[in-house]
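Peer 1: In the working numbering, the protein residues as written are 11 to 271.
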Amino acid sequence: RLRAHTRRMYNSAKIYRLEIPYTPEEVNGACHAVIASNRLFDGAYIRPIAFRGAGDLRILPSANVPVHVAVAAWKWGSYLGGTDEGVDICCTSWQRVAPNTVPALAKAGGNYLSSVLVTLEAQENGYVEGLAMTHDGLVSEGAGENVFVAVAGKLYTPPYSASILPGITRDTVIKLATRLGIPVIQEALPREVLYIADEVFLAGTAAEITPVRSLDRLTIGNGKPGELTRALQDAFFGLFDGRTEDPRGWLEPVEGIEKEG
């Protein structure tokens with residue numbers, strides 16, 4: 011879903027009044043070129059970034075400070091691990107940004123400072139990942155993932171008003187769930203709903219769809235990835251190998267790159 015990611019990049023730049031001096035198609039082309047030139051066949055993470063370049067050091071640089079765009083790429087395996095068996099996570103003491111502080115809707119580097127603190131607290135206490143709460147104590151999101159909760163055959167996820175970054179993978183999960191006939195409800199969730207849920211999983215560009223087997227050392231369901239999680243994983247990963255139909259054109263073929271031999 012390269013074009014959706016690029017669209018979000020431009021929307022985020024608009025929120026911060028950052029004028030990107032390239033068209034979305036030029037950025038997409040640069041992403042293609044990075045993949046091809048680095049011969050990234052078997053999984054990679056692509057990160058385009060726009061930033062203000064050399065100039066003065068004021069909080070808001072003057073208008074003549076240039077805006078640059080770079081595209082980085084890494085070979086990528088499993089981000090959190092546990093795709094098959096699930097991971098252990100916790101609710102941390104950190105809150106996501108409150109409304110009218112920092113725009114959570116923007117995917118911006120500075121927003122990830124809170125994610126660093128969430129991850130530090132989680133890993134220092136023996137967990138793979140942590141969740142942040144909203145300013146009023148409801149579930150927001152993981153350090154780099156959105157949260158989904160399955161209860162009685164329905165899928166729940168926190169809404170935009172929970173200071174989440176609305177992930178592209180979150181949107182993919184919602185659309186795949188709808189295609190599979192799974193009801194999806196976006197509503198505020200107290201943490202105890204996760205404790206007694208049938209299933210919980212995290213969704214993100216890096217994490218993809220990662221099942222959660224325990225939260226705060228309380229086992230979720232039977233401690234194994236559940237039926238809805240597995241169905242959505244199959245549909246999601248099936249997009250990559252053709253098992254799942256792609257009527258929306260989410261896949262982005264990269265030309266000019268061939269495996270040797």
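Note that beta-carbon positions come from the ideal geometry of N, C-alpha and C, so glycine has one too. Keep in mind the model is a prediction, meaning the values are calculated, not measured.
#1: CA-CA distance, Ser22 and Ile30?
#2: For the putative contact between Ala153 and Ser171, defined by C-beta atoms under 8 Å, what is the C-beta separation to the nearest angstrom?
#3: Quick check on DSSP: helix, strand or coil for Leu225?
#4: Below 8 Å on the Cβ atoms is my contact criterion, and I expect Ala114 with Tyr26 to pass it. Report the Cβ-Cβ distance as a whole number of Å.
#5: How would you write the range of the beta strand (DSSP E) that His78 sits in, first residue to last?
#6: Suppose the cutoff is 7 Å on Cβ atoms and the five residues either side in sequence are ignored; what does the same chain contact list for Leu186 look like?
#7: Looking only at C-alpha atoms, which of Cys101, Leu123 and Glu155 sits nearest to Asn135?
#8: Need the endpoints of the beta strand (DSSP E) that Phe211 sits in, please.
#9: Go to Ser88, then tell me how far its beta strand (DSSP E) extends in each direction, as first and last residue.
#10: Relative to the C-alpha of Thr239, which candidate in Leu228, Leu212 and Ser150 has its C-alpha closest?
#11: By the DSSP assignment, the alpha helix (DSSP H) with Leu141 in it spans what residues?
#12: Between the region 202–209 and the region 159–174, do at least 3 Cβ pairs fall closer than 8 Å?
#13: Let me check understanding here. Comparing Cα to Cα, which of Ile56, Ala73, Asp66 and His145 lies closest to Ala82?
#14: In angstroms with no decimal places, state the Cα-to-Cα distance between Trp84 and Pro169.
#15: Out of Gly140, Val97 and Ser173, which one is the CA nearest neighbour of Ile230?
#16: Go to Gly154, then tell me how far its alpha helix (DSSP H) extends in each direction, as first and last residue.
#17: Quick check on the burial criterion: 16 or more other C-beta atoms within 10 angstroms. Buried or exposed for Pro200?
#18: Under the three-state reduction of DSSP, which class applies to Pro34: helix, strand or coil?
#19: Apart from the five residues on each side of it in sequence, which residues of its chain come closer than 7 Å, Cβ to Cβ, to Leu249?
#20: Report the rounded CA-to-CA distance for Thr33 versus Leu228, giving the unit in angstroms.
#21: Chain D beta carbons: is any one of them nearer than 8 Å to that of Gly91?
#22: May I ask which residues mark the beginning and end of the alpha helix (DSSP H) holding Asp251?
#23: Using alpha carbons as the reference points, say which of Ala217, Trp104 and Leu50 lies closest to Leu123.
#24: In three-state terms, what does DSSP make of Thr322?
#25: Hey, Val37 and Thr16: beta-carbon distance below 8 Å or not?
#26: Excluding the 5 residues flanking Val75 on each side, which residues of the same chain have their C-beta closer than 6 Å to its C-beta?
#27: Give a yes or no on whether the C-beta atoms belonging to Thr254 and Arg11 are separated by under 8 Å.
#28: What is the residue span of the beta strand (DSSP E) that Val194 lies within?
Peer 2: Taking the structure as given:
#1: Sequence index remark: in the sequence shown, residue 22 carries index 12 (1-based). Sequence index remark: in the sequence shown, residue 30 carries index 20 (1-based). Distance between the alpha carbons of Ser22 and Ile30 is about 11 Å.
#2: Walking along the sequence shown from the start, residue 153 turns up at place 143. Walking along the sequence shown from the start, residue 171 turns up at place 161. No, Ala153 and Ser171 are not in contact; Cβ-Cβ is about 20 Å, not under 8 Å.
#3: As a first step, residue 225 must be located in the sequence shown, where it is residue number 215. Of the three classes helix, strand and coil, the one that applies to Leu225 here is strand, per DSSP.
#4: Counting from 1 along the sequence shown, the entry for residue 114 is found at position 104. Counting from 1 along the sequence shown, the entry for residue 26 is found at position 16. Actually they are not in contact, since the Cβ atoms of Ala114 and Tyr26 sit about 13 Å apart, beyond 8 Å.
#5: As a first step, residue 78 must be located in the sequence shown, where it is residue number 68. His78: member of the beta strand (DSSP E) spanning Val77 to Lys85, first to last residue.
#6: Here residue 186 corresponds to residue number 176 of the sequence shown, with the count starting at 1. These residues qualify, in order along the chain: Leu242, Ala245 and Phe246.
#7: As a first step, residue 135 must be located in the sequence shown, where it is residue number 125. Out of Cys101, Leu123 and Glu155, Cys101 has the C-alpha closest to the C-alpha of Asn135.
#8: Translated into positions along the sequence shown, residue 211 becomes position 201. Note, Phe211: beta strand (DSSP E), Glu209 to Gly214.
#9: Taking the first residue of the sequence shown as position 1, residue 88 is located at position 78. No beta strand (DSSP E) contains Ser88, which DSSP labels as neither H nor E.
#10: Reading the sequence shown from its first residue, position 229 is the one you call residue 239. Ranking Leu228, Leu212 and Ser150 by Cα distance to Thr239 puts Leu212 first.
#11: Reading the sequence shown from its first residue, position 131 is the one you call residue 141. Segment Glu139 to Met143 is the beta strand (DSSP E) holding Leu141; no alpha helix (DSSP H) there.
#12: yes
#13: For this step, residue 82 is matched to residue 72 along the sequence shown. Considering only alpha carbons, the answer is Ile56.
#14: The count along the sequence shown starts at 1 and reaches residue 84 at position 74. The count along the sequence shown starts at 1 and reaches residue 169 at position 159. Rounded to whole angstroms, Trp84 to Pro169 spans 31 Å at the Cα level.
#15: Locating residue 230 in the sequence shown gives position 220, counting from the first residue. Nearest option by C-alpha distance: Val97.
#16: Your numbering for residue 154 matches position 144 in the sequence shown. From DSSP, Gly154 is part of no alpha helix (DSSP H); its letter is neither H nor E.
#17: For the purposes of this step, residue 200 is taken as the residue at position 190 of the sequence shown. Exposed, since its Cβ has fewer than 16 Cβ neighbours within 10 Å.
#18: For the purposes of this step, residue 34 is taken as residue 24 along the sequence shown, with counting starting at 1. In the structure shown, Pro34 sits in a helix (DSSP, three-state: H, G or I).
#19: Mapped onto the sequence shown, residue 249 falls at position 239. Counting only Cβ-Cβ distances below 7 Å, and skipping sequence neighbours, we find Asp256, Trp260 and Leu261.
#20: Taking the first residue of the sequence shown as 1, we reach residue 33 at position 23. Taking the first residue of the sequence shown as 1, we reach residue 228 at position 218. Going by the C-alpha atoms only, they are around 48 Å apart.
#21: Annotation note: the requested chain D is absent from the structure, which comprises a single protein chain.
#22: To locate residue 251, count along the sequence shown from 1; it is residue 241. Unbroken alpha helix (DSSP H) run through Asp251: Glu237 to Asp251.
#23: Within the sequence shown, numbered from 1, the residue matching residue 123 stands at position 113. For the residues Ala217, Trp104 and Leu50, the minimum Cα distance to Leu123 belongs to Trp104.
#24: Only positions 11 to 271 of the chain appear in this structure, which leaves residue 322 out of reach.
#25: The count along the sequence shown starts at 1 and reaches residue 37 at position 27. The count along the sequence shown starts at 1 and reaches residue 16 at position 6. Yes. Within cutoff.
#26: Against the sequence shown, residue 75 aligns to sequence position 65. These residues qualify, in order along the chain: Arg62 and Gly65.
#27: Indexing the sequence shown from 1 puts residue 254 at position 244. Indexing the sequence shown from 1 puts residue 11 at position 1. Cβ atoms of Thr254 and Arg11: not closer than 8 Å.
#28: As a working mapping, residue 194 is identified with position 184 in the sequence shown. Looking at the DSSP string, the run of the beta strand (DSSP E) that includes Val194 is Val194 to Gln196.
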